[in-house]
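Q: Take a look at this one; I'll ask things after.
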Amino acid sequence: MMAMLPLMWNLGTMLGGAIGGLFVDPVDKYPWLFGDSVLLREYPYLLPCLVASSASLFGLVVGYFCLEETLVLKSRATPTSSESLETTPLVSEAQSEEGRCLVDTAPRAHPRWDIITPTVVRILATNAIVCVAVAMHNQLYPIVAATSTADGGLGMDPQKIGYTLTLCGVFVVYLQLTQYSKLERRYGALACYRRGVWLLAVFSTTFPFLSFLAGFMDKSIKDLVGFDVTKLFTPEFCLFWGFLVIQLYIRMLGDTLAFTSVNLLVANIAPTKADLGFVNGLQQQVAMLAYIVGTLVSGYLWSWSIKHAFPYPFNSHF
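Those letters in the sequence shown? Residues 198 to 515, per this note's numbering, in order.
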């Protein structure tokens, strides 16, 4: 179950970005459907916002009407008058003793400070590092893709960015449902985490060089061909998109291995099931703080790097 949470998170992140890229400015992109809409022409970002709010409303309705509470509350039933007249016990004395033993040996929650061991601290710190890296990738990819090649970007329009984010969502589903369980059983969660972090480092180092490839292309490649079918399969176009797809696959493979594995490691360090809620809650707090830091730092560093004419690696690669 813990392995499914990163799947839903990554899939939602990718699909959310894809919705924004595909549905923005629908009057110009889909004139056959929205060409007569004065409202959407006046507010080109309204449609993706409506789709996002509808998804949130749908989640609220499903959560309210379809989900059941998982917390088991113990209640002591009050015997009725007919039950008080019973003279034959419904449970034998041996069964009663057995039941008391089961209750006595049930896992109990440990004191909070006893749970925060050095091992827990190390794993939570590892989780924070992964979340910072993932947050920076999620923040920077659409920005870098939309930035002109002269400033170190890829010169893509929102619609094509949406296509690539949709492709990332397909990669996530494929890797999470068909590949991760095999890799985890063969190598273990810790080894998968280490390989995932290594792949994220490879992606972060090599992805900015795509800007050089896009910058040396002819106009049709820098504009990502547009709708000119006669130029669709030029060697330059195939080279650019081939490297881009490989980069995105490396990124999503690294995300899947690192993010899913660290969630499993966090779940495995809980001393008992009674402590799992506290450990997961602590992990989520650390993850959200790391996401905030990663988002703020990545945006600031990107804007700083393209405003100053510093040499490599302090240019757009930084």
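We treat Cβ as the ideally placed atom computed from N, Cα and C, and that holds for glycine.
Helix, strand or coil for Ala467? Go by DSSP, reduced to three states.
A: coil
Q: If we ignore side chains and look at the alpha-carbon of each, how far apart do Asp472 and Val318 end up?
A: 15 Å
Q: Output yes or no for whether 9 Å exceeds the beta carbon distance between Phe409 and Ile447.
A: Taking 9 Å as the Cβ cut-off, Phe409 and Ile447 do not qualify as a contacting pair.
Q: Is the Cβ-Cβ distance between Tyr371 and Cys389 less than 9 Å?
A: no
Q: At the level of alpha carbons, what is the spacing between Lys419 and Ser251?
A: Residue confidence for Lys419 is low, a pLDDT of 44 falling below 50, so the modelled location carries little weight and cannot support an answer.
Q: Note down the Cα distance separating Lys226 from Ser234, rounded to an integer number of angstroms.
A: Each residue's Cα considered, the two are about 13 Å apart.
Q: So does the stretch 485-500 actually touch the stretch 351-359, counting three or more Cβ pairs closer than 8 Å?
A: no
Q: Go ahead and pull the three-state DSSP assignment for Leu264.
A: coil
Q: So, are the CB atoms of Leu445 and Thr344 less than 9 Å apart?
A: no
Q: With contact counted as at least three CB pairs below 8 Å, one residue from each stretch, are the stretch 333-340 and the stretch 455-464 in contact?
A: no
Q: What do you get for Pro405, buried or exposed, if any count of 16 or more other CB atoms within 10 angstroms of its CB means buried?
A: Buried, because 16 or more other Cβ atoms sit within 10 Å of the Cβ of Pro405.
Q: State the CB to CB distance for the pair Pro245 and Gly209, rounded to an integer number of angstroms; the pair is presumed to be in contact (CB under 8 Å).
A: Actually they do not touch by this definition, with Cβ atoms about 14 Å apart.
Q: Can you name, in chain order, every residue of its own chain whose Cβ lies under 8 Å from the Cβ of Thr316, other than the five neighbours on each side?
A: Ile466
Q: With a cut-off of 8 Å on the beta carbons, I'd call Leu462 and Leu387 a contact; round off their distance for me.
A: 7 Å
Q: Please work out which residues of its chain come closer than 8 Å, Cβ to Cβ, to Val224, disregarding the five sequence neighbours upstream and downstream, and give them in chain order.
A: Phe231, Gly232, Ser234, Leu237, Arg238 and Pro241
Q: Use the C-beta contact count for Trp229: other C-beta atoms within 10 angstroms, 16 or more gives buried, fewer gives exposed.
A: exposed
Q: Buried or exposed, going by whether 16 or more other CB atoms sit within 10 Å of the CB of Val259?
A: Counting every other CB atom within 10 Å of its CB across the protein chains shown gives Val259 a total below 16, marking it as exposed.
Q: Rounded to a whole number of angstroms, what is the C-alpha to C-alpha distance between Glu265 and Glu381?
A: Glu265 and Glu381: Cα-Cα distance of roughly 31 Å.
Q: Taking only three categories from DSSP, how would you classify Asp311?
A: helix
Q: Grouping DSSP H, G and I as helix and E and B as strand, with all else coil, what is Met333?
A: helix
Q: Using the Cα positions of Gly385 and Trp310, report the straight-line distance between them to the nearest angstrom.
A: Approximately 28 Å, taken between the alpha carbons.
Q: Where Met205 and Thr314 are concerned, what is the direct C-alpha to C-alpha distance, given to the nearest angstrom?
A: 29 Å
Q: Grab me the residues of Asn324's own chain with a C-beta within less than 7 Å of its C-beta, minus the 5 sequence neighbours each way, in chain order.
A: Val459, Val463, Gln480, Val483 and Ala484
Q: Considering only C-alpha positions, which residue in the set Ala322, Leu364, Trp499 and Ser253 is nearest to Ala487?
A: Ala322
Q: What are the boundary residues of the alpha helix (DSSP H) that Met485 is part of?
A: Annotation for Met485: the continuous alpha helix (DSSP H) segment containing it runs Leu473 to Lys504.
Q: Roughly how many whole angstroms lie between the Cα atoms of Ala332 and Val490?
A: Their backbone Cα atoms lie some 8 Å apart in a straight line.
Q: Can you tell which of Thr402, Thr469 and Gly451 has its C-alpha closest to the C-alpha of Ile312?
A: Thr469
Q: Would you grab the beta carbon distance between Val327 and Val394 for me? Rounded to a whole angstrom, and I think it's under 8 Å.
A: 7 Å
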